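All letters in the sequence shown, in the order written, are residues 9 to 391 by my numbering.
Built from N, CA and C at the ideal position, the CB exists for glycine as well.
Quantities reported herein were computed from a predicted structural model and do not represent experimental measurements.
Only one structure is covered here, and it is reproduced in the block below.
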Amino acid sequence: MGNLFSKPKPQAAQVPTDKVIPLHEMDDQEINRAIIMLFVMRFNDMLRLNGNGKLEYHIPERFDEKRPAVAYSHVKYDVAIGDVKPLHGVDHDPLATYGCKPREPYVLADKRLSKAQTVLFLCRLAYELLRYRREERMICVPAAYVEKLRERAVSDLVAAGGDAAEKALVSEGDVLLAWVRARPDQSRPAANFQQDDHDHERGVRPAVGAGGRPACPRTRRKSPTPSCASTRTSRRKDLLTKPLGYVAGAVRQTIVEQGMPAQLETRRFLDCEATEKSGWPAPYGDSWMNTLIFSNWSKGRFFDTDFSAAVVRERGSGSGDAASTSKVGRPSYIQSCLYRKNFNSWATVPHRREGRRGELLLQPTARKGFWDKIQKAMDEDSL
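In structure tokens:
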């Protein structure tokens with residue numbers, strides 16, 4: 009009722025000569041707008057909503073002292089200007105037809121939650137969030153330890169049968185997700201009959217245009233941010249009793265199977281269909297599942313941010329501190345902090361590779377008081 013009688017939010021005065029561009033639907037989502045990440049620059053006066061509650065770009069016809077450009081960078085590239093691929097104009101959406109219809113039956117179609125199942129799952133989630141407080145920690149996993157985990161996973165898969173070369177395709181991320189499920193995440197209480205649902209966030213840009221589909225011409229650069237999740241449901245009993253390689257291999261199988269171009273486009277269709285009805289993508293699994301969202305931030309190359317040109321004095325070479333292991337002008341550590349609205353990331357585990365030493369940094373959230381149990385579980389996992 010408040011929306012019926014409340015006054016509309018005041019809108020900033022628009023300059024008639026501005027070119028107004030709506031954000032792409034893949035970027036202007038409820039989840040994206042519900043999260044503020046503190047290591048990303050935020051400009052409150054620019055992120056304004058229009059009368060329909062949507063985000064827009066306002067591009068001045070010209071910049072001056074009253075309306076200066078936010079940033080203007082000068083980067084030299086050893087290429088001819090004729091070799092630079094032009095950007096698609098904002099009036100052309102290379103993904104306009106992507107996901108307009110399903111290309112084949114979706115592999116998780118029978119796992120999609122019904123309305124009743126979704127309500128039960130949301131009630132469980134609401135109780136969990138209201139009943140228990142959360143604590144966030146940073147887990148530093150040495151690169152040598154990750155490599156040993158991967159070797160153990162490959163050994164498990166080879167022992168179970170199959171070609172060693174094929175099993176060696178299990179990636180570092182597959183093993184990390186399997187390890188999180190087998191140790192830190194398994195320290196939280198749950199019944200063995202329950203299903204565990206883990207989502208691996210991934211970009212779909214490499215698959216767009218594949219499989220004979222010319223949706224995104226490769227002669228031009230693309231600006232939207234297409235992504236989706238590869239979803240795997242597993243019995244908790246299997247996660248507790250099966251070898252590390254079994255879980256890692258299942259993760260890799262899911263990523264390969266759901267990463268096929270036709271599957272990605274069908275998932276895009278189903279997500280758009282659900283978002284139009286409810287504002288959120290469709291969930292998969294069952295009502296009693298425990299969810300985990302695993303997101304690889306290493307590809308963001310945050311530690312490659314280069315401010316070496318602004319370094320006034322280099323640190324001493326024999327200092328021996330943690331910062332001395334990073335490259336000059338590059339960050340030695342990054343701490344992300346999220347503010348959320350209408351969204352909770354308690355089941356999200358972002359991970360990224362730290363600077364020169366190559367450690368993996370995991371940033372999970374758990375119930376308050378459970379971190380001692382998680383620490384004990386990790387200490388017991390000796391190699």
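Beta-ladder partner(s) of residue i, from DSSP
| i | result |
| --- | --- |
| R75 | None; R75 has no bridge partner. |
| Y292 | R120 |
| E143 | A374 |
| I89 | Partner(s): none; I89 has no beta bridge. |
| E112 | According to DSSP, which records beta bridges pairwise, E112 is partnered with nothing at all. |
| E64 | P30 |
| C280 | According to DSSP, which records beta bridges pairwise, C280 is partnered with nothing at all. |
| L133 | Partner(s): none; L133 has no beta bridge. |
Candidates the options, of which the one nearest residue i by Cα
| i | options | result |
| --- | --- | --- |
| I67 | W296, M146, K27, L177 | K27 |
| L370 | K381, Q22, W305 | W305 |
| D99 | R75, P30, T25, N60 | P30 |
| L138 | E388, K376, G308, K381 | K376 |
| D275 | L133, Y65, R120 | Reading off the sequence shown, one finds Arg at residue 275, where the question assumed Asp. Taking only the C-alpha atoms, the option nearest R275 is R120. |
| V127 | S286, C345, Q383 | S286 |
| C280 | E73, D72, L103 | L103 |
Proximal residues to residue i (C-beta, below 6 Å), its chain only, five neighbours per side dropped
| i | result |
| --- | --- |
| A282 | P289, A290 |
| Q125 | S295 |
| S231 | Unreliable placement is indicated for S231, whose pLDDT of 43 sits below 50; no coordinate value is reported for it. |
| T262 | S238, R240 |
| C131 | none |
| E38 | G287 |
| K84 | none |
Residue i versus residue j: straight-line alpha-carbon distance, rounded
| i | j | result |
| --- | --- | --- |
| D329 | Y106 | Residue confidence is low: D329 scores 49 on pLDDT, short of 50, so the model does not pin down where it sits. Its coordinate-derived value is still stated next. Going by the C-alpha atoms only, they are around 50 Å apart. |
| K15 | R70 | 33 Å |
| W379 | L300 | 17 Å |
| D101 | E33 | 10 Å |
| G181 | D312 | 20 Å |
| G293 | V23 | 49 Å |
| Y64 | P110 | The sequence as given places Glu at residue 64; Tyr does not occur at that position. C-alpha separation (whole angstroms): 30 Å. |
| K62 | E284 | 14 Å |
| L133 | K123 | 15 Å |
| P113 | M297 | 23 Å |
| S179 | V255 | 12 Å |
| V87 | P94 | 14 Å |
| K307 | G169 | 32 Å |
| A117 | P339 | 43 Å |
| R41 | K74 | 28 Å |
| C345 | V357 | 13 Å |
| P76 | E388 | 57 Å |
Residues near residue i in its chain [Cβ-Cβ closer than 8 Å; skip 5 each side]
| i | result |
| --- | --- |
| L252 | L157, R160, A161, D164, V183, A186, W187, A190 |
| E367 | C148, V149, P150, A151, R361 |
| M146 | Q343, L369, L370, Q371 |
| G59 | P16, Q19 |
| C108 | F277 |
| V154 | E180, V183, L184, L368 |
For residue j and residue i, believed in contact at Cβ under 8 Å, the rounded distance
| i | j | result |
| --- | --- | --- |
| S238 | G267 | 7 Å |
| I342 | F310 | 5 Å |
| R240 | V259 | 6 Å |
| E136 | T373 | Actually they do not touch by this definition, with Cβ atoms about 12 Å apart. |
| Q271 | V115 | 6 Å |
Own chain, CB closer than 7 Å to residue i, minus 5 neighbours either side, in chain order
| i | result |
| --- | --- |
| Y140 | R375, K376 |
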